[in-house]
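According to our numbering, the residues represented by the sequence shown are 14 to 91, in order.
Input: a single structure, listed below in structure tokens.
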Amino acid sequence: MPGEEVTILQMCGLCNEEVGTFSVKKDNMMLSSKEQLWCSKCGAYTPEKRDIAGRLASIQQEIESYPKSRPAELDLRP
Numbered sequence: 014m015p016g017e018e019v020t021i022l023q024m025c026g027l028c029n030e031e032v033g034t035f036s037v038k039k040d041n042m043m044l045s046s047k048e049q050l051w052c053s054k055c056g057a058y059t060p061e062k063r064d065i066a067g068r069l070a071s072i073q074q075e076i077e078s079y080p081k082s083r084p085a086e087l088d089l090r091p
């Protein structure tokens with residue numbers, strides 16, 4: 014749906030601290046940025062890093078849904 018909005022996280026490029034968020038239409042979404050933003054944890058202007066809100070949690074949920082691998086059984090027959 015073209016009018017659907019996505020929440021974008023703005024993070025510090027050095028320590029990955031979340032600095033802010035904003036919403037944008039999917040059609041206008043841009044995750045690359047050359048902007049600098051103020052990080053209170055680092056106490057300096059740092060490169061901005063952007064990501065889609067909830068993406069990492071979604072990836073983790075998918076990984077946990079995978080079947081657990083079992084160790085291979087050794088065939089010790091002569």
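Ideal placement from N, C-alpha and C gives every residue a C-beta, glycine not left out.
Query, Result
"Can you grab the Cα-Cα spacing for the pair Ile-21 / Met-42, in whole Å?", "8 Å"
"Need the endpoints of the beta strand (DSSP E) that Ala-57 sits in, please.", "57 to 65"
"Under the DSSP definition of a beta bridge, which residues are partnered with Glu-18?", "Lys-38"
"Expressed to the nearest angstrom, what Euclidean distance is found between the alpha-carbon atoms of Glu-30 and Asp-88?", "50 Å"
"Over what stretch of residues does the beta strand (DSSP E) that includes Cys-89 continue unbroken?", "The sequence given here has Leu at residue 89, not Cys. First-last for Leu-89: undefined, no H or E at that position."
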